[in-house]
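The structure appears right after this line, and notes come after that.
Protein chains: 2
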Amino acid sequence: MDKAKVYIEANKERFLNELFDLIRIPSVSAEAGRKPDMRRCAEYLAAALAEAGADRAEVMPTEGNPVVYAEKIVSPKARTVLIYGHYDVMPVDPRGEWRSDPFEPVVRDGRIWGRGADDDKGQLWMHAKAFEAMCATGTLPCNVKFMLEGEEEIGSPSLYGFCRQYKKLLKADVILVSDTSMLSMQTPSITCGLRGLAYMEVEVEGPNKDLHSGLFGGAVANPANVLARLVAQLTDAEGRVTIPGFYDDVRELTPAERRAFNRAPFSLAAYKKSLAIGDVEGEAGYTTLERTGVRPSLDVNGIWGGYTGEGTKTVIPSKASAKISMRLVPHQDYRKISKLFERHFRRIAPRSVKVTVKALHGGMPYVAPTDMPAYKAAEKAVEATFGRKPLPFYSGGSIPIISGFESILGIKSLLLGFGLAEDAIHSPNESFGLEQFDRGLETIPLFYKYFAEAK
Amino acid sequence: MDKAKVYIEANKERFLNELFDLIRIPSVSAEAGRKPDMRRCAEYLAAALAEAGADRAEVMPTEGNPVVYAEKIVSPKARTVLIYGHYDVMPVDPRGEWRSDPFEPVVRDGRIWGRGADDDKGQLWMHAKAFEAMCATGTLPCNVKFMLEGEEEIGSPSLYGFCRQYKKLLKADVILVSDTSMLSMQTPSITCGLRGLAYMEVEVEGPNKDLHSGLFGGAVANPANVLARLVAQLTDAEGRVTIPGFYDDVRELTPAERRAFNRAPFSLAAYKKSLAIGDVEGEAGYTTLERTGVRPSLDVNGIWGGYTGEGTKTVIPSKASAKISMRLVPHQDYRKISKLFERHFRRIAPRSVKVTVKALHGGMPYVAPTDMPAYKAAEKAVEATFGRKPLPFYSGGSIPIISGFESILGIKSLLLGFGLAEDAIHSPNESFGLEQFDRGLETIPLFYKYFAEAK
Numbered sequence: 127m128d129k130a131k132v133y134i135e136a137n138k139e140r141f142l143n144e145l146f147d148l149i150r151i152p153s154v155s156a157e158a159g160r161k162p163d164m165r166r167c168a169e170y171l172a173a174a175l176a177e178a179g180a181d182r183a184e185v186m187p188t189e190g191n192p193v194v195y196a197e198k199i200v201s202p203k204a205r206t207v208l209i210y211g212h213y214d215v216m217p218v219d220p221r222g223e224w225r226s227d228p229f230e231p232v233v234r235d236g237r238i239w240g241r242g243a244d245d246d247k248g249q250l251w252m253h254a255k256a257f258e259a260m261c262a263t264g265t266l267p268c269n270v271k272f273m274l275e276g277e278e279e280i281g282s283p284s285l286y287g288f289c290r291q292y293k294k295l296l297k298a299d300v301i302l303v304s305d306t307s308m309l310s311m312q313t314p315s316i317t318c319g320l321r322g323l324a325y326m327e328v329e330v331e332g333p334n335k336d337l338h339s340g341l342f343g344g345a346v347a348n349p350a351n352v353l354a355r356l357v358a359q360l361t362d363a364e365g366r367v368t369i370p371g372f373y374d375d376v377r378e379l380t381p382a383e384r385r386a387f388n389r390a391p392f393s394l395a396a397y398k399k400s401l402a403i404g405d406v407e408g409e410a411g412y413t414t415l416e417r418t419g420v421r422p423s424l425d426v427n428g429i430w431g432g433y434t435g436e437g438t439k440t441v442i443p444s445k446a447s448a449k450i451s452m453r454l455v456p457h458q459d460y461r462k463i464s465k466l467f468e469r470h471f472r473r474i475a476p477r478s479v480k481v482t483v484k485a486l487h488g489g490m491p492y493v494a495p496t497d498m499p500a501y502k503a504a505e506k507a508v509e510a511t512f513g514r515k516p517l518p519f520y521s522g523g524s525i526p527i528i529s530g531f532e533s534i535l536g537i538k539s540l541l542l543g544f545g546l547a548e549d550a551i552h553s554p555n556e557s558f559g560l561e562q563f564d565r566g567l568e569t570i571p572l573f574y575k576y577f578a579e580a581k
Numbered sequence: 127m128d129k130a131k132v133y134i135e136a137n138k139e140r141f142l143n144e145l146f147d148l149i150r151i152p153s154v155s156a157e158a159g160r161k162p163d164m165r166r167c168a169e170y171l172a173a174a175l176a177e178a179g180a181d182r183a184e185v186m187p188t189e190g191n192p193v194v195y196a197e198k199i200v201s202p203k204a205r206t207v208l209i210y211g212h213y214d215v216m217p218v219d220p221r222g223e224w225r226s227d228p229f230e231p232v233v234r235d236g237r238i239w240g241r242g243a244d245d246d247k248g249q250l251w252m253h254a255k256a257f258e259a260m261c262a263t264g265t266l267p268c269n270v271k272f273m274l275e276g277e278e279e280i281g282s283p284s285l286y287g288f289c290r291q292y293k294k295l296l297k298a299d300v301i302l303v304s305d306t307s308m309l310s311m312q313t314p315s316i317t318c319g320l321r322g323l324a325y326m327e328v329e330v331e332g333p334n335k336d337l338h339s340g341l342f343g344g345a346v347a348n349p350a351n352v353l354a355r356l357v358a359q360l361t362d363a364e365g366r367v368t369i370p371g372f373y374d375d376v377r378e379l380t381p382a383e384r385r386a387f388n389r390a391p392f393s394l395a396a397y398k399k400s401l402a403i404g405d406v407e408g409e410a411g412y413t414t415l416e417r418t419g420v421r422p423s424l425d426v427n428g429i430w431g432g433y434t435g436e437g438t439k440t441v442i443p444s445k446a447s448a449k450i451s452m453r454l455v456p457h458q459d460y461r462k463i464s465k466l467f468e469r470h471f472r473r474i475a476p477r478s479v480k481v482t483v484k485a486l487h488g489g490m491p492y493v494a495p496t497d498m499p500a501y502k503a504a505e506k507a508v509e510a511t512f513g514r515k516p517l518p519f520y521s522g523g524s525i526p527i528i529s530g531f532e533s534i535l536g537i538k539s540l541l542l543g544f545g546l547a548e549d550a551i552h553s554p555n556e557s558f559g560l561e562q563f564d565r566g567l568e569t570i571p572l573f574y575k576y577f578a579e580a581k
């Protein structure tokens, strides 16, 4: 392994310059006018992977942005690692808040600043360059496949079909993903749980037009008041979701699992201070880590109705609406939860209004077993480079495509991310620490080594 | 009285043409650029009242738009009627929905169409022309004063000060106001109650920035959920407002009063159909007429927070807000109610959020005693022209200046309006029926006669 490490040291400056070129391509998937940039970015990556040592590297079309596929088969008997990443990035708005051009990366205070510096160009580049180092030094112990998509930030609409079409090509023992964060450099962690998501929109309609609140107030159901009442009824005084059947499929942790789970370093005082809140609030009987990691939740993401301008307008709005999403945990199914939500919302609505309920988006929760060989190998590799055994971490977030991989390809994913909360992904002034980049580059070849050796 | 009636018949066409000229002046008080039109409108009215027979008629400055004051004193011993009206009109938006130019009045289907045709140019013009007819025919039995303001549609900000300054000048036995509606031409009515208003704005603030609903959902109080919960708690399952002390000063009607009150013609089926609602909703134990007429109410006039665009955004908003107003009945004081609201809202808010409560606007409820001489005189006059005794009607709306007259000038108002719901005041295609105009012109001189004769 020393050979790869020496290679990396000798070439690190070039690796960074190549990453900067990658960041310079404004591959914002949400912006329709960026199609040529998406294509250019995919071609850049395919060429880089071929150069790095892939036997095959190509830009494969989908219904949307292309997928970069590359592979190197060292032996039919060796284990196969499928690396998933994405080359598309989030929009940069509000642009005025960036301290430097989002598409002209700079190094400042030991960090790379630019859109995609972490998410996910920086993280996928560690894989490309670790791959190059192992190829160049003849130390690659596994077969490697790359699948880099250009639509992750818009929900991976084409990748499900791509996986179905190329199921055989994508055959692997594990999917390795670096698109998540660690707790800190001092407390490395591996994400082994992601919550699912059921995202709904509701509309409450009362009278057929806005009414004068003087002439009608008190006699006609006000859709905004009714909506508030219905939303309030979705959770109880204990912070539990009241939808019948909502918790039926939730896997309860054992006392031992809960103890292990709460061993992660966490300061409630620091948490409250960082958010400037007087108190936390959530499901009774669970800690803050449990509430976001292993318990489902229900949040209003947006609410609107009536007059929202300056001053006063005495109106009973004809309609009021809300976007309401639920984060789900194993083994909740977002399709079932969406149906339960809709049925319950309709049932609790009074006859004085009409309600419309739409399911806008959904994804399954995901859990990576901590006893699978890939997890054990990652644990060992991280311990070797960070000097500390990583904690299994249950993120409250969702990456719907990860459970898609499991259901379509039948392959588990390992979420070995090297991001940090301070990287400010999706926000202005995204960055990626040079130390994170270095440590990732060092960890990845070790993972291959331990994974190849694992029973 | 026949002489005045004959005079009116002979001059009606001119009366209408003059009213059309008045409507042609776009005196929209809410639009800053209309100052010259406001002045022109006031001058038109002062000249018209002088021409009609006033001894004194002038445009008097205020801090805002001027007040038109005019008077004719027939005898120091005679009763004095102070006519209040307003020459400003509402904006015309959305202009595209008007079937004819709002400031170029036309007669169509027996109605005058144009902004202000009813509210309040059409209604005040009946008073100007009835006054002219009585002056011209020597049949005016009372002293008459006119006070026509140009800021009613923006809350009469200057008129309170004007009344304080000219309290002596404005001395009268009753204030006669035609700025309300009747139940119908078949069921004439006199408005003898107006609700008061306490208009609040609340803001619920949670974390110091919008948060990712995956990473934080379930552990941090969501201001939109909390706002919904707080709003829901403001009323109970019986439709009663839960603010402690809210009902303390509410005058309960006697069983006899309630019976009389509910004698007004009202079809619940037609009401529901006209609003396209499945059911009405309100305070348990009261009828729809009582709920809007003599019971207080609480309505959300606007609510907003978080993401309200197309599609999905998984955000916990940092803040959520609502505009909430309460209609008040005798003897509730809006200042006291605003304080009770604020105290209660703060008390029920959890420690996980900060709340801000602002009182935006307020006005007192008003009741015209049905046993005062002016009410009796109006009742008799309406019965003579409509062939039916008018019903006392409690409107759910508010005209704050009316209770201002009582507290500043110490004079009761008589709300003898000739509008109808179909006049669509404040909306596109405002109109005023020619028959309403005629009937008003006929009723007003009779009111003077009976009021002068009353004990």
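Chains A and B supply the protein sequences, listed in that same order. Going by the working numbering, the first sequence opens with residue 127, and the numbers climb by one from there. Going by the working numbering, the second sequence opens with residue 127, and the numbers climb by one from there. No residue lacks a Cβ here, since even glycine has one placed at the ideal position from N, Cα and C. Nothing here was measured: the structure is a model prediction, and the numbers come from that model.
Contact with chain B by residue i, beta-carbon distance below 8 Å
i       : result
H487(A) : yes
H212(A) : no
I429(A) : yes
E561(A) : no
I442(A) : yes
T414(A) : yes
P526(A) : no
S529(A) : no
G411(A) : no
K449(A) : yes
Cβ-Cβ distance between residue i and residue j below 8 Å
i       : j       : result
L540(A) : V200(A) : no
R384(A) : E409(A) : no
V367(A) : V426(A) : no
K247(B) : Y213(B) : yes
P491(A) : L320(A) : yes
A254(A) : A136(A) : no
S464(B) : M326(B) : yes
P443(B) : G428(B) : no
V406(A) : V455(A) : no
P571(B) : A256(B) : yes
I369(B) : L486(B) : no
A494(B) : Y501(B) : yes
Exposure of residue i, with buried meaning 16 or more beta-carbon neighbours within 10 Å
i       : result
V300(B) : buried
L148(A) : buried
V633(A) : As displayed, chain A neither begins before 127 nor continues past 581, which places residue 633(A) out of reach and without an answer.
A547(A) : exposed
N143(B) : exposed
N583(B) : Here chain B has residues from 127 to 581 only, and residue 583(B) is not among them.
Expected contact under 8 Å - CB spacing of residue i and residue j to nearest Å
i       : j       : result
F512(B) : C268(B) : Incorrect: roughly 22 Å between the Cβ atoms, too far for contact.
D245(B) : D163(B) : Actually they are not in contact, since the Cβ atoms of D245(B) and D163(B) sit about 17 Å apart, beyond 8 Å.
G182(A) : V215(A) : Contrary to the premise, residue 182(A) reads as Arg rather than Gly in this sequence. R182(A) to V215(A), Cβ: 26 Å. No contact.
V481(A) : E329(A) : 7 Å
Contact with chain A by residue i, beta-carbon distance below 8 Å
i       : result
F104(B) : Because chain B in this structure spans residues 127 to 581, residue 104(B) falls outside the shown range and cannot be described.
N334(B) : yes
H253(B) : no
The ligand NAP heavy atom lying under 7 Å from the CB of residue i
i       : result
S478(A) : For the structure depicted, the ligand NAP is absent and the ligand set is empty, with no information on it obtainable.
Practice task
Residues of the region 208-237 of chain B with a CB closer than 9 Å to any CB of chain A: list them in chain order, please.
Solution key: none
Practice task
Note down, in chain order, all residues in the region 292-305 of chain B with a beta-carbon under 8 Å from any beta-carbon belonging to chain A.
Solution key: none
Practice task
Determine which residues of the region 394-409 of chain A have a Cβ less than 7 Å from any Cβ of chain B, and write them out in chain order.
Solution key: L401, A402, I403, G404, D405, V406, E407, G408, E409
Problem - Where the region 453-476 of chain A meets chain B: residues whose CB sits under 8 Å from a CB there - result: R453, P476
Exercise for the section: Taking a Cβ distance cut-off of 9 Å, strictly less, list which residues of the region 349-363 of chain A are near chain B, in chain order. Expected result: P349, A350, N351, V352, L353, A354, R355, L356, V357, A358, Q359, L360, T361
Handout entry: Chain-ordered residues of the region 512-526 of chain A with a beta carbon less than 9 Å from chain B
Key = S521, G522, G523, S524
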